[in-house]
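Chains as they are written, first to last, in my numbering: chain A, 1 to 98; chain B, 101 to 198.
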């Protein structure tokens with residue numbers, strides 16, 4: 001059992017950490033808000049959101065606000081549990097170093 | 101300025117986190133020891149160690165112990181500083197979620 005085994009590969013990218021981090025403390029966030037908070041490109045955000053969606057950690061709600069399409073992200077229960085476990089593992093790693 | 105800007109891309113992988121984490125608390129570690137601690141394959145460890153070496157965060161010492169080649173890794177001063185900054189950024193992200 002390696003010391004990094006509890007670090008979840010699905011969260012192994014700063015953009016994914018950022019997305020999860022925002023969604024853990026906000027009921028939902030739309031594409032534009034996430035993009036601004038994380039300071040990333042559309043393509044970058046879209047691909048990492050897709051990966052988290054495919055892992056079942058976030059869900060996506062597409063709707064129209066007036067005539068404008070709006071994409072909203074919500075963290076799933078599975079995602080919450082997995083992210084907490086990931087943060088615990090990171091915290092243990094950090095504490096090894098302090 | 102995004103909330104993930106201080107998270108260093110070079111450490112954006114659990115194997116790299118693991119390598120740095122081991123080298124921060126040990127003066128040096130050889131390939132075999134790292135491989136066991138992190139529970140990864142030779143190829144995986146070699147490619148991530150190479151990336152950290154190219155970033156200037158670790159240095160590699162190759163020598164022979166008897167007739168056996170031995171590869172030893174050491175964290176550089178730049179690496180120490182960068183990794184501490186990275187851990188601070190991770191810690192801030194974790195604290196947002198607790």
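Don't be surprised by glycine CBs; every beta carbon is placed ideally from N, CA and C.
{"Query": "Tell me the residue span of the alpha helix (DSSP H) that contains residue 19 of chain A.", "Result": "14-25"}
{"Query": "Given a limit of 8 Å on CB to CB distance, which residues of the region 142-162 of chain B reach chain A?", "Result": "none"}
{"Query": "Can you look up residue 195 of chain B in the DSSP assignment and give me helix, strand or coil?", "Result": "helix"}
{"Query": "So is residue 139 of chain B in contact with chain A if we call contact Cβ pairs under 8 Å?", "Result": "yes"}
{"Query": "For the beta strand (DSSP E) containing residue 9 of chain A, list its first residue and its last residue.", "Result": "Premise fails: residue 9 of chain A is in no beta strand (DSSP E) and is neither H nor E."}
{"Query": "Run through the region 36-88 of chain A for me and flag every whole beta strand (DSSP E) of 3 or more residues, listed as ranges in chain order.", "Result": "58-65, 68-75"}
{"Query": "Would residue 64 of chain A be called buried (16 or more neighbouring beta carbons within 10 Å of its own) or exposed?", "Result": "exposed"}
{"Query": "What in chain A is Cβ-close to residue 196 of chain B, meaning under 7 Å?", "Result": "21, 25"}
{"Query": "What residues of chain A sit near residue 113 of chain B, judged by a beta carbon separation below 7 Å?", "Result": "12"}
{"Query": "Buried or exposed, going by whether 16 or more other CB atoms sit within 10 Å of the CB of residue 47 of chain A?", "Result": "exposed"}
{"Query": "Near residue 190 of chain B, what residues of its chain come up, given a Cβ to Cβ distance below 8 Å and the 5 sequence neighbours on each side ignored?", "Result": "107"}
{"Query": "Among B:186, B:187, B:196, B:172, which one has its Cα closest to the Cα of residue 131 of chain B?", "Result": "B:172"}
{"Query": "Can you give me the Cβ contacts of residue 145 of chain B inside the same chain, cut-off strictly under 8 Å, excluding the 5 residues immediately before and after it?", "Result": "115, 119, 131, 134, 135, 138"}
{"Query": "Taking only the alpha-carbon atoms, compute the straight-line gap between residue 58 of chain A and residue 170 of chain B and give it to the nearest angstrom.", "Result": "45 Å"}
{"Query": "What does the alpha-carbon distance come out to for the pair residue 126 of chain B and residue 93 of chain A?", "Result": "14 Å"}
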